[in-house]
Each structure stands twice: as structure tokens, then as C-alpha cells.
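Undergrad:
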Amino acid sequence: MKKDLPARAWSASHLVTAGGAAFIVLFLAASVALGIGGRRAAIADQLAQNELLARVLEDQVTRSFDTAAQSLALLAHVVSEQGQGGAAMSPPAMAQFLVSLPQLRALSMLDSQGRVVGSSVAGEVGVRVDLAQLGPLPNEGRDAIGFFIAGRSLRDIAVNARASMVPGSVGFIPVVRRVREPGGQMVYLVGLMNPEGIANQMRLTIAKGASQGVLATFEGRVLTATADALPGQLLEALPVFRDYLPRIEHASYQGVGVTTGEQTLAFRVSRTRPLVVLVEKPLASVLDEWVSEARWRTLIIAAATLAVALLTWSAARSLRAREQVRLRLGVAQAEVARRENELSVIVRSVQELLFRTDAGGLLTYVNLGEKTVAGGQRVEAVVGTRVDAHVLPAEQGAVRALFGAGPGAALRTATVTLKTLRGHSRRFDVAVAPLYNGSRITGFAGSAVDITEREEAQASLAEQLAFSALLQEMSPLPTSMIDTEGRYLSVNRAWETFTGLNRNAVLGRQAGDELSADEAREHDARDRQLLDRGGQARYEVSHTHRDGIRRDLLVIKVAVPGRDGRPQGILNTFMDMTEVRTAARATQEARDAAEETSRAKSEFIANISHELRTPLQSIIGFSELGTLRARGHDKLVAMFVDILTGGQRMLALVNDLLDVSKIESAVGTIHLERADLRPLLREVLRELEPLFGARHLAAKVSLPPSPLVAKVDPTRFQQVVRNVLANAIKFAPAGTAIVVDARIGGDGGPHISVRDRGPGIPAKEIEQIFDAFVQSSSTKDGAGGTGLGLAICRKIIDAHGGSIRAENMADGGSRFHIRLPPRVAGETRPAELAG
Numbered sequence: 119m120k121k122d123l124p125a126r127a128w129s130a131s132h133l134v135t136a137g138g139a140a141f142i143v144l145f146l147a148a149s150v151a152l153g154i155g156g157r158r159a160a161i162a163d164q165l166a167q168n169e170l171l172a173r174v175l176e177d178q179v180t181r182s183f184d185t186a187a188q189s190l191a192l193l194a195h196v197v198s199e200q201g202q203g204g205a206a207m208s209p210p211a212m213a214q215f216l217v218s219l220p221q222l223r224a225l226s227m228l229d230s231q232g233r234v235v236g237s238s239v240a241g242e243v244g245v246r247v248d249l250a251q252l253g254p255l256p257n258e259g260r261d262a263i264g265f266f267i268a269g270r271s272l273r274d275i276a277v278n279a280r281a282s283m284v285p286g287s288v289g290f291i292p293v294v295r296r297v298r299e300p301g302g303q304m305v306y307l308v309g310l311m312n313p314e315g316i317a318n319q320m321r322l323t324i325a326k327g328a329s330q331g332v333l334a335t336f337e338g339r340v341l342t343a344t345a346d347a348l349p350g351q352l353l354e355a356l357p358v359f360r361d362y363l364p365r366i367e368h369a370s371y372q373g374v375g376v377t378t379g380e381q382t383l384a385f386r387v388s389r390t391r392p393l394v395v396l397v398e399k400p401l402a403s404v405l406d407e408w409v410s411e412a413r414w415r416t417l418i419i420a421a422a423t424l425a426v427a428l429l430t431w432s433a434a435r436s437l438r439a440r441e442q443v444r445l446r447l448g449v450a451q452a453e454v455a456r457r458e459n460e461l462s463v464i465v466r467s468v469q470e471l472l473f474r475t476d477a478g479g480l481l482t483y484v485n486l487g488e489k490t491v492a493g494g495q496r497v498e499a500v501v502g503t504r505v506d507a508h509v510l511p512a513e514q515g516a517v518r519a520l521f522g523a524g525p526g527a528a529l530r531t532a533t534v535t536l537k538t539l540r541g542h543s544r545r546f547d548v549a550v551a552p553l554y555n556g557s558r559i560t561g562f563a564g565s566a567v568d569i570t571e572r573e574e575a576q577a578s579l580a581e582q583l584a585f586s587a588l589l590q591e592m593s594p595l596p597t598s599m600i601d602t603e604g605r606y607l608s609v610n611r612a613w614e615t616f617t618g619l620n621r622n623a624v625l626g627r628q629a630g631d632e633l634s635a636d637e638a639r640e641h642d643a644r645d646r647q648l649l650d651r652g653g654q655a656r657y658e659v660s661h662t663h664r665d666g667i668r669r670d671l672l673v674i675k676v677a678v679p680g681r682d683g684r685p686q687g688i689l690n691t692f693m694d695m696t697e698v699r700t701a702a703r704a705t706q707e708a709r710d711a712a713e714e715t716s717r718a719k720s721e722f723i724a725n726i727s728h729e730l731r732t733p734l735q736s737i738i739g740f741s742e743l744g745t746l747r748a749r750g751h752d753k754l755v756a757m758f759v760d761i762l763t764g765g766q767r768m769l770a771l772v773n774d775l776l777d778v779s780k781i782e783s784a785v786g787t788i789h790l791e792r793a794d795l796r797p798l799l800r801e802v803l804r805e806l807e808p809l810f811g812a813r814h815l816a817a818k819v820s821l822p823p824s825p826l827v828a829k830v831d832p833t834r835f836q837q838v839v840r841n842v843l844a845n846a847i848k849f850a851p852a853g854t855a856i857v858v859d860a861r862i863g864g865d866g867g868p869h870i871s872v873r874d875r876g877p878g879i880p881a882k883e884i885e886q887i888f889d890a891f892v893q894s895s896s897t898k899d900g901a902g903g904t905g906l907g908l909a910i911c912r913k914i915i916d917a918h919g920g921s922i923r924a925e926n927m928a929d930g931g932s933r934f935h936i937r938l939p940p941r942v943a944g945e946t947r948p949a950e951l952a953g
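Adding 118 to a residue's 1-based position in the sequence shown gives its number in this note's numbering.
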């Protein structure tokens, strides 16, 4: 690879090259500036020339139209005195009059109806012309210039005239003057200006080149032109007519013109007539002329630039050759310095301690620079000391042996401990090689690698491995480790106890030899999956123990990853689940037996209750019939009333038993739906109004104004409220009030309470009254029922996820609280009643 040569900034060759380049750039810049200036000057000169031509042409055109107008004025004077019948208006006289007016093609006189009454053209008299075609008509004593009209005379535009065969570029420009005859009639003198004559004058004035002249009206309609633009063409979109006229009467610009392409254009308005003269020349033609004139100058500039470039290149090449020779002389020295610097950097960046000593083992160099070395001393304090002075006394002999004068250049090694001022020790692997001058040792070069962290990590790893082995050994679960070939690497004491095998006999053996063929295939398949995919596996197997008893085992296998992330073995452990499975089966069997017993009991009660209801219905029916028919026989009525009362009480007991049986049976369900509790409470209160009246009780009801919404089974909820209110009615003294309060509780769910003034409930029976067949001791005077009502209420409220409880009030009586959980709107769903 070619080495970069050291170079001084701005050498002579660079200066010559830069100077030549700067001169060429400046020369070319000046040439370009002159060229740009010349281009602008050429355009400016052309614009000035266009203005001059426009001024000359405007003067010619103005004079031509003024001469024609003056001639018409003279004839108008004659007509105003002699009338149209005068000798001066005869065709010969008018033809003779045109001889002195070359710009006029013909001269005619028309009456107010457009009929030709006199003309210099033979045969035109009597021809009728539409006056509107002549353009705007002037006032009396005035003249006006019309538009370009294709044709040679008025005959070509006569009314009902045949189509003219005259080319479109041949025509005339009417100049009209209005005159009053002695008889008071109005006539028009019409002079037909020859536009081609005006165009010829323009061509003679412009003489040569690509310039052209155009004569147009203020409205932009072309009257005549030297080339390109046809007479009659409308140019109102040109900047001359759009932006300049009539505010500016003469100017020049570079831009859009009559012909296509960018033009240099000048215009001038006639002094006396509503006419404008335009002179234009294509910008491309102007630039072509400028380029043609500048071509020789460009060649001279190019030749001069090339000459300067060649001279600069020659001088710079000569100077660069001398500089290269001089620079190559310092390449070797620079390369040596660079390599020495790189080597110094490499030595300083090496993490190991590098050193050099003399033949006696005194340090002459270390690579740590300003860093501190053994003992916390700086390099300056270490250089000149012996290496063995920095190690522990017990290792000094081994260090001195490294620097002995023994023969051979073999590498000498030792592991030593360096001391620090803070009392710490660092372990180093030291390697030393002798340096020879011929056969004599002149010194030693060596390195020392700090292995303190490595030894500490190895020691920590050994402790961790020992701890892990101890944990595995102490684990009560049988555990083993196999390699990827399926051979045992380790087992613990619990594994030995379970299998009855000694670890010395199985380590290195193939796992599964102690199992049956089916069990071994199961474990092998699991092991292959773990070795392929990693992770862990958990499964149960049935194992024949060494005592011949089948045992249920829960096996857990984990793939142990190696350094490359792939499994290097499998850790196995298992748990004997035989007793757990046996207990679970016994529990399930006991539960099934209990459920079967409960089901049989419930079905028996249900069947017996149904069997009892049939004769009870007959007893109640016949006793009611007997009561009605025994009127007038008091003894018989009393007997039938006792029978009816006993039957109804027996029927109530049977109905309660049926409710309990239904709730406890598997078919008892409720259907929850979102409902407002207020209508349900009002319906129950209306239903119980007869009982309130019979007991002379009042009902004080407090319901919230907003809906009290909950998820309930309406029928079952009303059954709970009905039972609680019925109990309150039974035990409330006559003349008192039962208070029913419904509101949203603190937990966000509905809370209904029923307060009475009865005898209350003994404190120890507050919870017992919600058990089946339990009545309060304060109600065993005959006022109580079957003892099932409140039990049914609790089961229903429990199925709703709520609660029901009772409390005694300090001023007498008791209060029952019914709480329902807060619900969100949702679909109606069935809910199992709790047993």
C-alpha cells in the first residue's frame, strides 16, 4: 500500500497551481461578465433602434393620413358650396384629384343611405354600401379612420354583391368625412387608403434584417404590416394594448410580440390619429447577431485560457517532482516514529502488567504510566526496585528463581500475590522471558495477569455447586440428573431410598434400566422432547414399586441449558401421589354417599308431603262444606271449625316442608332478572292489607323516589318479604304500626328493613330462628308456625347473594334486615339455590 507522504501546507507547487487556477477563474469571470454585458448592450441597442424606427414610421404614417384627411377636407368645402352635382365631383375630376395622392386607392361620395353618388372608379355610382362596414362614422365636419376591409373598391363590399375573389391580404382602409350639402342633406366623402403602400414605406424604412413594422388601431386591430401579421388581426392581448395604452404613448420592452417567441418591441402613438406603430425584432435574431460578432472574441479568450493552463501545469509539475523527492527522504523517519507511537499506545492499552528488568531483576520499565502498581506506589517509585520486593515473603524465592541466570530462552511462569498499602492482596500469573545479547542475559521481559477475580469466582462457583449438591441431597423428593445420552450423572439420597439402589452402582449407567419396558418408553419419549425443545415437562405415571405395589407418581423434568443455550442434560424429580389420590377418592366417595342420602331424604319428604296434601284437601273441603251446612247447630259448627283449623295448619306445615324440600333438592332454582323492588313491595303490602286490618295494625312504608333496582327472582323475593311481614303481623300488639323502610345501603345494594313492636327475640336465639323447625321461645304460646318460614327466607336470600338478619330494639320489638348485593344491568340468568 502506498504511504501518504508528509507535505507542508501551501508548497510551491500548490501555490503555482492555485495562482494559475485563480488567474484562469478571474479571467473567465471577467470574460463572462463582459459577455453578459455585451448581451445586455446588444438587446438595449436593438430596443433603441426599434424606438427610432417606430418614431420614423409614426411620422410617415401620420403624414400620410393627415394628407388624405386634408384632401377630403378640401373636397368637403367644395361639396358644401356646390353640392354633389358640382363639376368637381364628376368621376374624371375625382380621378384627376387622386393623381396627387398616391396613398389613396379611390375616392367616393355616399349619401346618407350608403348609395354611391360620386366616385373616381368608373361604374361604382349607384352602388349601395352598408355604412356600418366603414367603421365608426364621424360627426359633421370631422373625419374618422375605419378598419381594414378586404377588397379593391366599394363595389366589393356593396349590398348584395357577389363574393369577392380578392385575396384576404388585399384591401383598403376607409377615411370618412361627413359633409352637409347646400340643400341640408348629409353626404360622406370616403377615401380608400392603400395599406400596401403604407407597408412598402415601412419596408423601405426598416430596410433589412428580421425587424418588422405593424400599424394598428388603439383597439389592437391590425391595419397593415410588413410581414407575418395579417391585416384585420386583433392584438388586444399584447402588453402594448393591455398594459401601456392609452396611458403611455411610446415605450419599448422585451417580451411578447406580434409573432411567436420572445421579441424586442417598441411602439409609438400617432400624434394626431388614434393609431399606433409597432416595430419588433425576435430576441433570438438579436442574440444570433451578437453571438456572431462575439465568436472571435470567445476564441481568443479560450486560447489565452488554454495557454495559461498549460504554463501553470508545467510549472506545478516541475515543482511537485522536486517536492516529492524531498518528502520521500523523510518517509522512513516518519514511518518509524508512527510505528513506535502505535506500539506505545498498544502497550499502554494492554490490560496486563508489562514490565522489563535488568539482568539482576531490577525494574526498568512498566506500562501503567501514571497509574499505580503494586503497593499503591507510582511508576516512578517502582522503577529501580526488585520484583520480589513486592510479593509475600513466602513467595519471594519463587520470584527470584524467575530471574535466575539459568540457560535457555524458555518462558518462566509463577503465580504470586502482590501486596497493597491498604492491606489487600492481588493474585497474578507472572510470565518472564530472558533477553540475550549473544549468549549473555542482558535483562528480562515479562507480563503479569491479575487473576484475583477469576480465583474468587472459581471459589464462589465451587461453594455454590457444593451448596446446590447439598440442597439436592437433602431434598425429600427423589431427584436425579441425566446427560443427553440418557446416562445418570447424579442422584440424591431420597432417590436411593425410593428405588433401593446405590448411587455408585447407577452413576454412568443408562437411565431406565431399573424400570419396566413400558415405563422406560414413556420416560424416553418425554426426554427426547425436552432435549429437542427445551423447557420442562410435568406428567403422571403409574409405577410398580420394588415392594410390588403400584404407586401413582407425579414426574417433573426440566431441561438444563448449556453454554450454547442447548440442553446439556435433564433434571428429574418425582412425588409419590398414591396416598393423596387414595384420600381424594375416599373423599369423593363420601361426598357422593352424602349427596345420595340427602337426595333420598329430600325425595322422601317431597313424596310424603305430596301424599299428605291429597287427604288434607279432602278434609279441608268437607269441613268447609260442613261448616256451611251446619249453620244453626252451634256444636256442629264448632266441631267443623276445629277440623278446618287443624287441616289448614296441617296444610301450611306440608307446604313449608315442600318449600324446604324444593330448596334443598337439585331441581330447586331461581331466575334472577333486573327489577325495581318498589312495585314488588307495594304488591305484597296490598296483599296483606286484610291481615293488617284484622289485627288493627298500621303500615308505615318509606320507599325512595327513584327506582330501587336489583337482580332478583320477583316471586321468591316477594315470598321473603311476605314471610317477614306475616311474622311481624302475628307478634305486633294491636294498635301499633309496622315500619317498612327501603333504601340504598352503604355498600350500594338495596336494604329493606321491617320493624315491629312485638315481644322481641331472646338474644341467644337471634341466629337460631333462621334454622329449620326452630321457633323462638317467646312465641311458643300458640302464635308461632312450623318454624320453617325464616329458614326458607334465609335460603332464598343466600341464593340471591344477599343476607337476612334480625335484631332487638332498645325500646321494644325487633327489626329484620334484608340486604341484596348491588347489580349491574345484564341478561337474566338462572342461579342455583344453595342447599
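Ideal Cβ positions, reconstructed from N, Cα and C, are used throughout, including at glycine.
On a predicted model such as this, the values are computed, not experimentally measured, just so you know.
Quick one: residues in its chain with C-beta nearer than 6 Å to the C-beta of residue 132, no 5 flanking neighbours on either side, listed in chain order?
TA: So no residue of the chain qualifies.
Undergrad: Alpha helix (DSSP H) containing residue 202: first to last residue?
TA: That residue, residue 202, is in no alpha helix (DSSP H); it is neither H nor E in DSSP.
Undergrad: At what residues does the alpha helix (DSSP H) containing residue 399 begin and finish?
TA: Per DSSP, residue 399 belongs to no alpha helix (DSSP H); it is in the beta strand (DSSP E), 393-400.
Undergrad: Tell me the rounded alpha-carbon separation between residue 965 and residue 263.
TA: The shown model of the chain, from 119 to 953, leaves out residue 965, and the question about it has no answer.
Undergrad: For the beta strand (DSSP E) that contains residue 620, what are its first and last residues?
TA: Here residue 620 belongs to no beta strand (DSSP E), and DSSP marks it neither H nor E.
Undergrad: Our contact map puts residue 530 next to residue 568 with C-beta atoms below 8 Å; I'd like the distance itself, whole angstroms only.
TA: Residue 530 to residue 568, Cβ: 19 Å. No contact.
Undergrad: Using the C-alpha atoms, what's the distance from residue 792 back to residue 948?
TA: With a pLDDT of 42 at residue 948, under the threshold of 50, the modelled position of this residue cannot be trusted; read the value that follows with caution. Computed Cα separation, rounded: 12 Å.
Undergrad: From 914, 425, 297, 733, pick the residue whose C-alpha is nearest to that of residue 197; which is it?
TA: It is 297 whose Cα lies nearest to the Cα of residue 197.
Undergrad: Roughly how far, in whole angstroms, is the beta-carbon of residue 566 from the beta-carbon of residue 551, given that I think they are within contact range, below 8 Å?
TA: The Cβ separation is near 13 Å, so there is no contact.
Undergrad: Who are the near neighbours of residue 207 in its chain, counting only those whose CB is closer than 7 Å to its CB and skipping five residues on each side?
TA: Closer than 7 Å at the Cβ level, and outside the excluded window around residue 207, lie 197, 227, 236.
Undergrad: I'd like to know whether the C-beta atoms of residue 182 and residue 221 end up nearer to each other than 8 Å.
TA: Closer than 8 Å, so yes.
Undergrad: Would the beta-carbon of residue 517 fall within 8 Å of that of residue 500?
TA: Cβ atoms of residue 517 and residue 500: not closer than 8 Å.
Undergrad: Work out the CA separation of residue 813 and residue 935 for me, nearest whole Å.
TA: Cα to Cα, the separation comes out at about 23 Å.
Undergrad: Is it true that the CB of residue 924 sits closer than 8 Å to the CB of residue 868?
TA: No, Cβ-Cβ distance for residue 868 and residue 924 is not below 8 Å.
Undergrad: Mapping the DSSP letters down to three states, classify residue 360 as helix, strand or coil.
TA: Note: residue 360 maps to helix in three-state DSSP.
Undergrad: From what residue to what residue does the alpha helix (DSSP H) around residue 907 run?
TA: 907-917 is the extent of the alpha helix (DSSP H) around residue 907.
Undergrad: Go ahead and pull the three-state DSSP assignment for residue 535.
TA: Residue state, collapsed to three classes: strand.
Undergrad: Helix, strand or coil for residue 493 per DSSP?
TA: Its pLDDT being 47, under 50, residue 493 is placed unreliably by the model, and nothing is read from it.
Undergrad: In whole angstroms, what separates the C-alpha of residue 412 from that of residue 153?
TA: Roughly 8 Å separates the two Cα atoms.
Undergrad: For residue 597, which of helix, strand or coil comes out of DSSP?
TA: Correct three-state label for residue 597: strand.
Undergrad: On the criterion of 16 or more Cβ atoms from any shown chain inside 10 Å, does residue 918 qualify as buried, or is it exposed?
TA: Label assigned to residue 918: buried.
Undergrad: Excluding the five sequence neighbours on either side, which residues of its own chain have a C-beta within less than 7 Å of the C-beta of residue 711, listed in chain order?
TA: Nothing meets the Cβ criterion.
Undergrad: My understanding is that residue 914 touches residue 838, with C-beta atoms under 8 Å, so please give their C-beta distance in whole angstroms.
TA: At roughly 5 Å, the Cβ-Cβ gap stays under 8 Å, so residue 914 and residue 838 are in contact.
Undergrad: Expressed to the nearest angstrom, what Euclidean distance is found between the alpha-carbon atoms of residue 448 and residue 434?
TA: Going by the C-alpha atoms only, they are around 21 Å apart.
Undergrad: If residue 209 and residue 240 are in contact, beta carbons under 8 Å, what's the gap, nearest whole angstrom?
TA: The pair is a contact, with the Cβ atoms about 6 Å apart (cut-off 8 Å).
Undergrad: Between residue 546 and residue 479, how many whole angstroms is the CB-CB distance? I'm expecting something under 8 Å.
TA: Actually they do not touch by this definition, with Cβ atoms about 16 Å apart.
Undergrad: Reducing DSSP to helix, strand and coil, say where residue 854 ends up.
TA: In the structure shown, residue 854 sits in coil (DSSP, three-state: anything other than H, G, I, E or B).
Undergrad: So, with DSSP's three-state summary, where would you put residue 665?
TA: Coil.
Undergrad: Strictly by DSSP, which residues pair up with residue 935?
TA: Paired residue(s): 871, 923.
Undergrad: Can you tell me where the alpha helix (DSSP H) holding residue 218 begins and where it ends?
TA: No alpha helix (DSSP H) contains residue 218, which DSSP labels as neither H nor E.
Undergrad: Within the continuous alpha helix (DSSP H) that includes residue 300, where are the two ends?
TA: No alpha helix (DSSP H) holds residue 300; DSSP gives it neither H nor E.
Undergrad: DSSP three-state call for residue 714: helix, strand or coil?
TA: Looking at residue 714 - three-state DSSP - the assignment turns out to be helix.
Undergrad: Measuring CA to CA, which of 306, 391, 229 is closest to residue 257?
TA: Ranking 306, 391, 229 by Cα distance to residue 257 puts 306 first.
Undergrad: Would you please state the rounded distance, in angstroms, between the beta carbons of residue 217 and residue 234? I believe it to be under 8 Å.
TA: The pair is not a contact, with the Cβ atoms about 21 Å apart (cut-off 8 Å).
Undergrad: Using only the alpha-carbon positions, how far apart do residue 883 and residue 852 sit?
TA: Rounded to whole angstroms, residue 883 to residue 852 spans 25 Å at the Cα level.
Undergrad: Tell me which residues share the same chain as residue 662 and place their Cβ nearer than 7 Å to its Cβ, disregarding the 5 neighbours each side in the sequence.
TA: Contacts found: 634, 668.
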